[in-house]
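Residues in the sequence shown are numbered consecutively from 245, following the working numbering.
Okay, structure first, notes after.
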Amino acid sequence: MSGRLRLPEAWAETTLASICAHRTGSSKLIKGKLHAERRPGRYQAFSASGPDVWCDRWEHEGEAIVVSAVGTRCGKAFKARGRWSAIANTHVVWPDGRVIDLDYLFLHLNDEGFWVKGGSAQPFVKVRETFERPFALPPLPEQRRIVAKVEALLAEVDAAKARLARASLVLRRLRQAVLSAACSGRLTEDLRAPPPSLAAAPPPAELAEPLARAWPLAASDGGGARPPPTSWALCPFGALVDNHDGKRVPLSSTVRERRRGPYPYYGASGIIDSIDGYRFDGDYLLVAEDGANLLSRSTAVAFAASGRFWVNNHAHVLQPKPGVVLGYLELLLNSLDLQHHVTGSAQPKLTQAALNAIPAPLPPTEEQAEIVRRARALFALAGAIEERVTAAAARADRLPQAILARAFSGELVPTEAELARAEGRGYEPADALLRRVHAEQAGPGASGRGGGGPGLA
């Protein structure tokens with residue numbers, strides 16, 4: 245901020261240096277030598293991370309603002325009340341309560357962008373330079389109305405963000421529910437209801453081999469899970485696919501750097517690079533072979549790959565046998581909890597043998613295709629909703645700064661001058677308040693302000 249400010253009516257231009265006292269935190273108090281737990285007889289102490297340690301003695305009493313002075317979050321502010329201490333790497337600010345409301349000052353100081361900063365590897369706030377910049381000061385009653393309005397609006401923003409977070413969770417659960425319904429038969433129950441439908445047709449000849457290796461359908465898995473429909477088969481997963489792991493060739497990042505090209509290079513979680521050649525050409529299902537994602541499921545463990553591409557040795561490469569729909573197998577594997585099929589803890593691994601042995605419920609071919617169509621339609625709907633939720637969340641993240649910008653420009657609440665005219669009363673403009681307080685300080689017996697901080701200059 246430079247030059248004279250454009251001020252709303254009755255506001256005054258001043259500097260924080262003229263209406264606040266400030267000093268650095270105590271370099272004698274080191275965080276690692278203080279208490280981490282609160283106990284009787286201990287006092288709150290503020291580090292650069294906030295009120296997270298405790299002292300046997302207190303250095304300050306009253307209300308002030310403690311600012312993180314060094315580090316990646318320098319400029320983050322905390323309110324201190326009662327008896328407390330501020331330790332190394334902090335800065336303490338005492339506002340003159342006759343001129344500026346502590347909560348109003350906090351709205352400014354707690355904005356990390358408000359501070360002039362220096363350093364790169366280890367950023368720090370430049371307090372003197374920040375406090376000597378022009379500062380727009382509203383009349384004291386207006387400051388308090390601004391604080392009340394900002395706090396109410398920020399509470400609404402927080403509530404909206406919480407609702408959006410819940411919406412994201414609901415969408416994640418919806419996707420999992422769709423996967424579960426798709427691979428248990430619930431998603432296509434209507435196809436098996438009278439009159440006879442596609443599920444009643446005899447199995448196609450191309451499924452002869454998988455069905456020859458089918459196991460009897462169990463009534464239940466013993467855990468209350470719903471058994472597959474009787475028109476489905478239950479096969480070992482390996483009977484439904486041809487495995488092409490033998491054609492995989494891993495390439496180091498150095499080699500890939502020399503061989504940049506137009507073809508995707510896949511790993512366990514999808515495309516990780518591009519290369520000038522390909523090992524596969526067609527429609528395949530890739531399944532993660534190793535990695536923490538097999539258990540955490542932060543991304544899909546099975547995904548389709550089409551066209552010409554290369555695969556390293558961290559993903560199984562599969563093609564469905566005739567009569568088996570690739571998209572259905574993708575849904576199936578992504579619906580399963582793989583913890584009982586994965587080996588290793590430090591580096592989870594789904595071996596080819598373990599993958600082949602996974603029990604796979606298999607609907608008739610036509611029903612597989614319909615399951616994929618319905619699931620994709622539901623996923624598309626969820627995706628469209630998620631895009632709107634994400635956009636709303638991004639807007640919500642920007643709202644606090646927009647609210648503060650309006651507050652500090654006099655646009656958030658009626659000004660004190662406007663209210664006074666509307667109510668037919670007088671008021672004290674901010675510049676008159678500053679003159680009066682400075683005159684009081686300069687008068688006989690003036691001794692600065694109390695409250696644990698140094699007196700104002």
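C-beta atoms are modelled at their ideal positions from N, C-alpha and C, and glycine is treated no differently.
All values reported here derive from a predicted model rather than from experimental measurement.
So, helix, strand or coil for residue i, using DSSP?
| i | result |
| --- | --- |
| PRO393 | Rather than Pro, the amino acid found at residue 393 in this sequence is Lys. Here LYS393 sits in helix by DSSP. |
| ALA324 | strand |
| LYS277 | helix |
| HIS352 | helix |
| ARG282 | coil |
| GLY505 | coil |
| VAL414 | helix |
| ARG372 | helix |
| SER246 | Low confidence applies here, because SER246 scores a pLDDT of 45, under 50, leaving its location unreliable and the question unanswered by this model. |
| GLN387 | helix |
| ALA261 | helix |
| HIS304 | strand |
| SER329 | strand |
| ALA421 | helix |
| PRO685 | With the sequence shown as reference, residue 685 is identified as Gln, and Pro is not the correct amino acid for it. It is helical. |
| ASP520 | coil |
| SER428 | coil |
| ASN556 | coil |
| ALA403 | helix |
| GLY466 | Because the pLDDT of GLY466 is 39, which lies under 50, any placement of that residue in the model is unreliable, and the number read from its coordinates should be weighed accordingly. Of the three classes helix, strand and coil, the one that applies to GLY466 here is coil, per DSSP. |
| ARG680 | helix |
| ASP345 | coil |
| ALA444 | Residue placement at ALA444 cannot be trusted, given a pLDDT of 48 that sits under 50; the coordinates are not used to answer. |
| SER496 | coil |
| ASN434 | Here residue 434 turns out to be Asp, not Asn, going by the sequence shown. In this structure, ASP434 counts as helix in the three-state DSSP scheme. |
| ALA536 | coil |
| ASP525 | strand |
| ALA256 | strand |
| LEU251 | coil |
Work out the CA separation of residue j and residue i for me, nearest whole Å.
| i | j | result |
| --- | --- | --- |
| PRO564 | ALA638 | 41 Å |
| ALA321 | THR334 | 9 Å |
| PRO644 | PHE358 | 14 Å |
| LEU576 | TYR348 | 56 Å |
| ALA559 | ALA635 | 33 Å |
| TYR510 | ARG419 | 24 Å |
| THR259 | GLU253 | 18 Å |
| LEU622 | ILE615 | 11 Å |
| PRO385 | ARG377 | 23 Å |
| ARG632 | SER579 | 25 Å |
| ALA613 | LEU582 | 24 Å |
| ARG283 | ALA661 | 49 Å |
| ARG369 | GLN685 | A small correction: the amino acid at residue 369 is Val; Arg does not occupy that position in the sequence shown. Cα to Cα, VAL369 sits roughly 29 Å from GLN685. |
| GLU400 | TRP302 | 36 Å |
| GLY670 | ALA330 | 41 Å |
| ASN354 | ARG680 | 28 Å |
| PRO472 | GLY429 | 6 Å |
| VAL568 | ALA649 | 59 Å |
| ARG436 | HIS488 | 35 Å |
| GLU663 | VAL391 | Strictly speaking, residue 663 in this sequence is Leu, with Glu absent from that position. Going by the C-alpha atoms only, they are around 17 Å apart. |
| ALA477 | THR498 | 47 Å |
| ASP465 | ASP486 | With a pLDDT of 43 at ASP465, under the threshold of 50, the modelled position of this residue cannot be trusted, and the question is left open. |
| GLU356 | LYS323 | 15 Å |
| VAL343 | LEU678 | 7 Å |
| LEU408 | ALA683 | 52 Å |
| TRP328 | GLU655 | 36 Å |
| ARG642 | SER542 | 27 Å |
According to DSSP, what are the bridge partners of residue i?
| i | result |
| --- | --- |
| GLY654 | According to DSSP, which records beta bridges pairwise, GLY654 is partnered with nothing at all. |
| SER530 | Before going on, a small fix: residue 530 reads as Leu here, not Ser. PHE547 and VAL561, per the DSSP bridge assignment. |
| CYS479 | ALA604 |
| HIS335 | THR268 and VAL311 |
| ILE515 | TYR510 |
| ASP486 | GLN563 |
| GLN288 | TRP298 and TRP328 |
| LYS361 | VAL369 |
| ALA702 | With the chain running from 245 to 701 in the structure shown, residue 702 is simply not present. |
Excluding the five sequence neighbours on either side, which residues of its own chain have a C-beta within less than 6 Å of the C-beta of residue i, listed in chain order?
| i | result |
| --- | --- |
| VAL586 | LEU538, PRO592 and LEU594 |
| LEU397 | ILE647 |
| ASP520 | ARG503 and GLY505 |
| GLY467 | With a pLDDT of only 41 at GLY467, under 50, the local geometry of the prediction cannot be trusted, and the value read off the model is given with reservation. Around GLY467: no qualifying Cβ. |
| PRO339 | CYS264, LEU346 and LEU349 |
| GLN387 | ASP345 and TYR348 |
Who are the near neighbours of residue i in its chain, counting only those whose CB is closer than 7 Å to its CB and skipping five residues on each side?
| i | result |
| --- | --- |
| ARG286 | HIS279, TRP298, CYS299 and ASP300 |
| THR316 | PRO367 |
| ARG522 | Here residue 522 is Tyr; the residue named in the question, Arg, does not match the sequence. TYR507, ARG552, PHE553 and TRP554, listed in sequence order. |
| ARG500 | TYR509, ASP517 and ILE519 |
Once you ignore the five residues that flank residue i on each side, which residues in its own chain have a CB closer than 8 Å to its CB?
| i | result |
| --- | --- |
| GLU257 | ARG248, LEU249, LEU251, PRO378, PHE379, ALA380 and LEU381 |
| PRO603 | TRP459, LEU478, CYS479, PRO480 and PHE481 |
| message | As an exercise, report each continuous alpha helix (DSSP H) stretch of at least 4 residues that is fully enclosed by the segment 561-646, in chain order. | response | Counting whole runs of 4 or more residues, the segment 561-646 contains the alpha helix (DSSP H) stretches 570-579 and 596-600.
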